[in-house]
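Protein chains in written order, with our numbering: chain A, 24 to 362; chain B, 24 to 362.
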DNA sequence: ACTATTTACGCAAACGATGTAGTAATATTA
DNA sequence: TAATATTACTACATCGTTTGCGTAAATAGT
């Protein structure tokens, strides 16, 4: 029942604790015959080192934390998938923490992680993270952070993202090519860099096409789905409504679909929609949804790989680096001009 | 930079290490004045106990593991959401492990967890878990398991599920009421209890309505999406195809939709579909998808609550208990007889 | 005033693994 | 052959916390 420890193993083998320990770690100080004997007995008795003892002694947790706003979200779920894969390959464990877009919760979580419980943190900040002192404080404790998707550009470290600016341009260009004259941008908050980039792409492309950029066409949505519903409903009610919508995140596109149902607005006849999304069922929606799809799995995988590249070398300092993976545009019915 | 420890704190306060430790844990052995002084300094110096040291000493990890087949799955993502919430409330940490429906990986993960890294495990077994020795072995090590959704009935412990049998009946009954004469059941593997129950409900209801139960109408799907696609395509090709489909899990319904697109089969005119699903966009699909929706968040939450009920009391033995939360039937277009 | 009890603290031994410094015994070299 | 190096092991301190036990001083009881 109780787990075997080195002491018991040593007694049975009639060796000292340190000999057994070294034999298991394949130290050159131990003779081959003894090594084999120890290894065999260890396997037989199902010995595995106590992670707390080695963690304490070696100051290594063999654990990373993933801090994300949500997990019930296709993008983050896929990213976690990629992270977990690499962690398993590196014999690491993955702790998961959800902020639910609450910056106070994010701060609390980082505080909790400061005491060397983890060797590194992979994170996507909340939509409200406009202040990074809790993150730089955390780095000060000597634990590396790698950002993915929602980065914090003030923090010096590696960041894995997609080409948000270019994708913003492409999505907007696509809507314009499909005869949209008045495109609204649905933003998730205002603070995080990813939103700034997507919005910049949107604004740039409008200007390039000599289209007006109107502040009232940039809708700042939030974490409350009902409020978002109301905001979008307000946008789409009345005469002066846009004829194109660029949703910066999946859930805002879904809400837009729901609003359109209620208001009896036809997609794509009355309004065209495109959004950033990893929705599996995008092509099965009515109408099928045009998306900019991020390589979520690979983003997570890459972020983890970068982290382990440094952890392997026992480097806690990760220099600034921007790794950009390309998103792909999937044109479907929701954004197409019907000919 | 380096984390403060008790020794440093004690030196600054000119107290012994044990006094400081006891003061922080609010021991009755320490005077109130000293307690306040210690607490203030600890806060000032941002002291947090080293989790490895306390874990080692107290033989408590303050961590639970969640072992699930996938995370990029609405059901499991929501369940994890519920688990994480309760864990945070109990000041616990959550490790996540994905089996990807691979029983060998499941065994490996359990092996890794045997050494007291976690105080308990919440799990949903793989679709291939037909043998439970790795799970009973694990229990023998004194670490409790609580199952949710995909349980292993041979293992004595608490299990949180939905009313799969009743839901199987209800879904089948609904299809029959909508004029289906030949209903196929899409199973995910064959081994796990949840499938047996859903299938039993399906079979019972067929019998009750004097309908034949044909083995070839029970399709044993697997983890490979392409193979599933082929299986379903085969089922729906040719003349002798069913007029109703009961998919036991979400992804099989999605695949069915895709097959129907390819084969130009109209849902619900040619074939009606219902499935177990937590898909957010079920109502936006074309046609909207009828679902049996499990209270995924609450299932995760409840499983975690049960676990902590025992962990709080330092009980590692959890007696058999079946907690059943009700699923709800959402009738939409995919299963309705058009009048 | 003298013992009995309580209060408030310190000492030191765990928890289990690791790694440095030592030590016999054997092997190598000049 | 004596000095040196190598081999194969053991002893012990250490990581940071926790906790049982000991103890001096203060308080209470008779």
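For every residue, glycine included, the Cβ atom is placed at its ideal position computed from N, Cα and C. What you are looking at is a predicted structure, and each value in this text was computed from that prediction instead of being measured.
{"query": "Under a three-way DSSP split, which group does residue 120 (chain B) fall into?", "result": "strand"}
{"query": "Check the DSSP bridge columns for residue 267 (chain A) and list the partner residues they point to.", "result": "A:206 and A:295"}
{"query": "Just checking my contact of residue 124 (chain B) with residue 150 (chain B) at CB under 8 Å: how many whole Å lie between their CB atoms?", "result": "5 Å"}
{"query": "Taking Cβ positions, are residue 270 (chain A) and residue 101 (chain A) nearer each other than 8 Å?", "result": "no"}
{"query": "What is the rounded straight-line gap between the Cα of residue 163 (chain A) and the Cα of residue 214 (chain A)?", "result": "23 Å"}
{"query": "Kindly indicate if chain A contains any beta-carbon less than 8 Å away from that of residue 75 (chain B).", "result": "yes"}
{"query": "Evaluate the contact criterion for the segment 344-356 of chain A versus the segment 174-185 of chain A: three or more CB pairs, one atom per stretch, below 8 Å.", "result": "yes"}
{"query": "What three-state label does DSSP hand residue 241 (chain A) in the structure shown?", "result": "strand"}
{"query": "Which same chain residues, not among the five before or five after residue 28 (chain B), have their C-beta less than 7 Å away from its C-beta?", "result": "73"}
{"query": "Who are the Cβ neighbours of residue 223 (chain A) in its own chain at under 8 Å, not counting the five residues just before and after it?", "result": "188 and 191"}
{"query": "Taking the alpha-carbon of residue 240 (chain B) as reference, which of B:263, B:32 and B:37 has the nearest alpha-carbon?", "result": "B:263"}
{"query": "Quick one: which chain B residues come within Cβ less than 7 Å of residue 71 (chain A)?", "result": "137 and 138"}
{"query": "Starting from residue 40 (chain A), find everything on chain B with Cβ-Cβ shorter than 8 Å and list it in chain order.", "result": "Going along chain B, no residue has its Cβ under 8 Å from residue 40 (chain A), so there is no contact; the nearest lies around 16 Å."}
{"query": "Counting along the chain, where does the alpha helix (DSSP H) carrying residue 192 (chain B) start and finish?", "result": "187-200"}
{"query": "Going along the segment 246-266 of chain B in order, which residues come within less than 9 Å of chain A, judged by CB to CB distance?", "result": "none"}
{"query": "In three-state DSSP terms, what is residue 149 (chain B)?", "result": "coil"}
{"query": "May I have the straight-line CA-CA distance separating residue 332 (chain A) from residue 282 (chain A), to the nearest angstrom?", "result": "46 Å"}
{"query": "From residue 116 (chain A) to residue 78 (chain A), what distance separates their C-alpha atoms?", "result": "13 Å"}
{"query": "For residue 228 (chain B), count neighbouring Cβ atoms within 10 angstroms of its own Cβ and tell me buried if that reaches 16, exposed if not.", "result": "buried"}
{"query": "DSSP three-state call for residue 261 (chain B): helix, strand or coil?", "result": "coil"}
{"query": "Would you kindly report the start and end of the unbroken beta strand (DSSP E) that includes residue 352 (chain A)?", "result": "351-353"}
{"query": "Starting from residue 223 (chain B), follow the alpha helix (DSSP H) in both directions and report where the run begins and ends.", "result": "216-231"}
{"query": "Report yes if the CB atom of residue 313 (chain B) is closer than 8 Å to the CB atom of residue 354 (chain B), and no otherwise.", "result": "yes"}
{"query": "Okay, do the segment 283-300 of chain B and the segment 195-206 of chain B touch, 3+ Cβ pairs below 8 Å being the bar?", "result": "yes"}
{"query": "Are the CB atoms of residue 261 (chain A) and residue 205 (chain A) nearer to each other than 8 Å?", "result": "no"}
{"query": "Rounded to the nearest angstrom, what separates residue 45 (chain A) and residue 32 (chain A) at their Cα positions?", "result": "13 Å"}
{"query": "With a threshold of 7 Å on Cβ separation, who are the neighbours of residue 15 (chain A) within its own chain once the five nearest residues in sequence on each side are excluded?", "result": "Because chain A is modelled from 24 through 362, residue 15 (chain A) falls outside the range shown and cannot be assessed."}
{"query": "For a cutoff of 8 Å on Cβ pairs, would you count residue 78 (chain B) as touching chain A?", "result": "yes"}
{"query": "Considering only the alpha carbon of each residue, which of B:246, B:218, B:285 and B:237 lies closest to residue 256 (chain B)?", "result": "B:285"}
{"query": "Does the structure place the segment 128-145 of chain B close enough to the segment 230-245 of chain B that three or more beta carbon pairs sit under 8 Å?", "result": "no"}
{"query": "Contact check, residue 251 (chain A) vs residue 95 (chain B) under 8 Å by CB: the rounded distance?", "result": "So it is not a contact: roughly 24 Å between Cβ atoms."}
{"query": "Which residues in chain B sit within 8 Å of residue 113 (chain A), going by Cβ to Cβ distance?", "result": "Those do not exist, as residue 113 (chain A) stays about 13 Å from chain B at its closest Cβ, beyond 8 Å."}
{"query": "Using a Cβ-Cβ distance cut-off of 8 Å, determine whether residue 328 (chain B) contacts chain A.", "result": "no"}
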